[in-house]
Each structure stands twice: as structure tokens, then as C-alpha cells.
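First residue of the sequence shown? That's 3 in my numbering, and the numbers climb one at a time after it.
By construction, the Cβ of each residue, glycine as well, lies at the ideal position given by its N, Cα and C atoms.
Below is one structure, written out as C-alpha cells; comments come after it.
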Amino acid sequence: MANSASGIAVSDECKLTFLELKAKRDHRYIVFKIDDNVHRVIVEKAGGQSETYDDFTKSLPDNECRYAVFDYDFTTDENCHKSKIFFIAWSPEAAKVRTKMLYASSKDRFKRELDGIQVELQATDPSEMSWDILKARAL
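In C-alpha cells form, the structure reads like this:
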């Protein structure tokens, strides 16, 4: 179904890939993009479990917006193993204004399609989504 604010739909592949990350833990992260040709959010890249946070941040373009989810595993001070699923709205300063507006107007509708997101981050440069920020937001 298309987003009433922006006219952007969400592909079934997005939902299925997210379920693979959430339930099966097949992926460490997923990068989504809006395909202008079909006016739909699609999966651009799904990173395997062996990939790192560095691999994830390198997969985000310097001059284009993206949505992403990252499965953050950590151990608490009580030695409990936990996981949090982060939703990241990547909107770099160098991106075109029209693109930023499209991603901003479609974000909430897209996020609702991904049931199980626990933390949301908005980032315009890598420092706003550093490893330390993830750790702090996960606790």
C-alpha cells in the first residue's frame, strides 16, 4: 500500500528480509532505498551475520538518503546477552533536498511495516551514529 503522504509503497521483500533479521537472525543489517522508478522502498543490501558495524556504515552512501536496520548484540553489566534492533534514518547533508523530503515524509509509514524496531536514530553524518551512540541508546 502506498504512503498517503509521499505515494511510496513498501515491497514485500523489505518485510521478508526484516523478518529474516529479526526471527532467524540471518542478517546483521539491512539497507533500504526508495526506488524512484517504481515509487517503492526496496532492499539495497543485506549484510550477513559475520559483517561488522564498520561494514554497515561503509554501505551507506555519502550523498544519498537511506533507511537501515542494524541488529546490535551486546552484553549487559550483569553479563546478560541482549540484542536491540535499531532503525536508522540516514540523511546526509550532501543529499538533494527533494530526496531528503521524500525520505522524511515516508519514514513513519515505512517504519510501521517493520514490526520489532526498538530504537530509532536520525543521522546526517557518521558521528551521529557512532558505535558509542549505539551502545548508549541500547541500554
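- At the C-beta level, residue 45 and residue 116 stay beyond 9 Å of one another.
- Buried is the label assigned to residue 108, since at least 16 other Cβ atoms lie within 10 Å of its Cβ.
- In the DSSP assignment, residue 79 forms no beta bridge with any residue.
- The C-beta distance from residue 136 to residue 74 rounds to 6 Å, short enough to fall under 8 Å.
- Contact between residue 64 and residue 96 holds, with the beta-carbon distance rounding to 6 Å and staying under 8 Å.
- The alpha-carbon of residue 28 is positioned some 18 Å away from that of residue 56.
- For residue 17, no beta strand (DSSP E) encloses it; the enclosing alpha helix (DSSP H) starts and ends at 14 to 21.
- In the DSSP annotation of this structure, the continuous segment of the beta strand (DSSP E) that includes residue 37 starts and ends at 29 to 37.
- With respect to the 9 Å criterion, residue 33 and residue 17 are not classified as neighbours on the basis of their beta carbons.
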